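Take a look at the structure below.
Residue numbers (the working numbering): 26 to 367.
In structure tokens, the structure reads:
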């Protein structure tokens with residue numbers, strides 16, 4: 026009898042213990058992981074199964090993937106999805122949410138004033154760009170939940186022959202509508218703007234670009250994209266030309282134009298180890314992510330980039346890994362930092 030009572034007590038205690046184990050849905054969510062994303066970069070090995078597994082291991086919950094009109098539809102009307110299909114499938118298999126960057130123009134749709142990629146689309150091809158974005162949204166419905174429309178449209182490097190905020194307004198409006206017709210729950214992110222401190226013929230500051238954007242009537246978007254890189258010092262260095270430190274002012278600017286309720290996504294943010302040690306890179310990324318978690322108006326931070334890659338004039342060293350895939354200390358620092366808040 027005593028043995029039966031003992032067994033009964035164990036069973037009851039065990040059942041009570043099970044009853045008080047929180048479900049997966051109730052388990053605490055790590056806000057550092059929720060807000061962290063990664064950009065693969067231009068290294069051809071940065072969007073592989075191994076790379077996506079590494080991103081997830083670091084603690085990222087998002088990845089920004091190119092869905093390139095130029096590469097998918099090099100011949101008008103013939104779309105080659107295989108490479109993008111593979112990247113999307115592999116990223117989702119590793120549990121990553123995807124921000125799709127729909128961007129870049131095939132030669133047949135070049136702006137007439139541009140002969141070398143990356144060109145803006147010809148105005149009479151804007152509807153075809155929007156149709157391509159809709160086709161991508163339909164193809165990856167349920168797998169890509171947010172779409173960024175163009176990369177750094179405030180730079181001539183990415184919008185040749187010249188920066189044109191009013192033209193981007195037209196493109197974004199058409200694309201927003203086409204994506205939302207596929208699925209109104211999808212988030213459309215405005216093209217991440219680079220953050221130069223002065224206006225030139227080659228680029229506009231994000232503020233000048235957006236002033237002209239709104240002056241042209243503005244366009245619909247769900248999330249504001251920006252790239253607040255600042256090589257000169259730490260992310261919270263109090264300087265007028267530090268775009269990361271001044272993100273609260275960016276939010277205030279959006280609010281003054283009726284877009285204050287919209288979240289900000291840093292669709293690129295990082296530091297090169299060409300000018301810093303990997304340890305310095307890691308410390309700055311830790312500081313930035315910690316601040317992003319405190320800012321309720323900043324919803325995502327995509328670290329640029331997963332791997333180093335070859336640039337126009339010299340090797341680019343933005344990566345958490347070198348060009349051969351070997352981890353820098355900054356990768357382990359970011360991983361430890363995110364996991365310490367789990």
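Where is the CB? At the ideal position from N, CA and C, for every residue including glycine. A quick note: this is a predicted structure, and the numbers were derived from the prediction, not measured.
Assuming residue i and residue j form a contact by the criterion Cβ under 8 Å, report the distance between their Cβ atoms to the nearest whole angstrom.
i           : j           : result
residue 334 : residue 348 : 7 Å
residue 354 : residue 60  : Residue 354 to residue 60, Cβ: 22 Å. No contact.
residue 289 : residue 238 : Incorrect: roughly 15 Å between the Cβ atoms, too far for contact.
residue 278 : residue 232 : 7 Å
residue 93  : residue 128 : 6 Å
residue 83  : residue 356 : 6 Å
residue 276 : residue 283 : Contact doesn't hold; Cβ gap of about 13 Å is too wide.
Should residue i and residue j be called a contact, given that it needs their Cβ atoms to be closer than 8 Å?
i           : j           : result
residue 306 : residue 298 : yes
residue 218 : residue 179 : yes
residue 293 : residue 329 : yes
residue 137 : residue 145 : no
residue 252 : residue 291 : yes
residue 268 : residue 255 : yes
residue 98  : residue 157 : yes
residue 106 : residue 168 : no
residue 142 : residue 103 : no
residue 126 : residue 91  : yes
residue 211 : residue 161 : no
Across which residues does DSSP place residue i in a beta bridge pair?
i           : result
residue 128 : 93
residue 352 : 346
residue 228 : 180
residue 219 : 252
residue 83  : Paired residues: none, contrary to the question.
residue 185 : 144
residue 123 : 88
residue 369 : With the chain covering only 26 through 367, there is no way to say anything about residue 369.
residue 332 : 346
residue 294 : 328
residue 289 : 249 and 323
residue 341 : 334
residue 307 : Note: residue 307 sits in no beta bridge, so no partner.
residue 103 : 100
residue 135 : 146
What separation, rounded to the nearest whole angstrom, lies between the Cα atoms of residue i and residue j?
i           : j           : result
residue 209 : residue 259 : 39 Å
residue 133 : residue 185 : 15 Å
residue 206 : residue 159 : 8 Å
residue 262 : residue 123 : 31 Å
residue 319 : residue 100 : 46 Å
residue 152 : residue 130 : 13 Å
residue 73  : residue 112 : 7 Å
residue 359 : residue 54  : 18 Å
residue 365 : residue 315 : 12 Å
residue 225 : residue 192 : 18 Å
residue 108 : residue 176 : 20 Å
residue 75  : residue 81  : 10 Å
residue 303 : residue 257 : 16 Å
residue 79  : residue 270 : 29 Å
residue 110 : residue 264 : 43 Å
In chain order, what residues of the same chain have a beta carbon less than 8 Å from the beta carbon of residue i, not counting five sequence neighbours either side?
i           : result
residue 215 : 173, 174, 197, 244, 246, 248, 249 and 250
residue 391 : Past the boundaries of the shown model lies residue 391; the chain is included only from 26 to 367, so the question cannot be answered.
residue 50  : Confidence at residue 50 is low in this model, with a pLDDT of 40, below 50, so the placement of that residue is unreliable and no value is reported for it.
residue 287 : 246, 247, 248, 249 and 279
residue 301 : 309
residue 139 : 145, 185 and 186
Which same chain residues, not among the five before or five after residue i, have their C-beta less than 6 Å away from its C-beta?
i           : result
residue 201 : 213 and 245
residue 332 : 66, 68, 71, 344 and 346
residue 221 : 228 and 230
residue 342 : 297, 298, 299 and 333
residue 295 : 328, 329 and 343
residue 368 : The structure shown does not extend to residue 368, since the chain is modelled only from 26 through 367, so no value can be given for it.
residue 85  : 61, 62 and 63
residue 58  : 84, 86 and 363
residue 367 : 55
residue 361 : none
residue 281 : none
For the ligand PLP, is there a heavy atom less than 7 Å away from the beta-carbon of residue i?
i          : result
residue 88 : Looking at this structure, you won't find the ligand PLP or any other ligand, since it has none at all.
Below 7 Å CB to CB, which residues in the same chain sit around residue i once its five sequence neighbours on both sides are set aside?
i           : result
residue 242 : 194
residue 338 : Below a pLDDT of 50, predicted positions are generally treated as unreliable, and residue 338, at 45, falls in that range; the measurement from the model is reported next regardless. For residue 338, where only same-chain residues beyond five positions count, there are no Cβ hits under 7 Å.
residue 155 : 199, 200 and 203
residue 190 : 234, 237, 238 and 241
residue 187 : 181
residue 166 : 207 and 208
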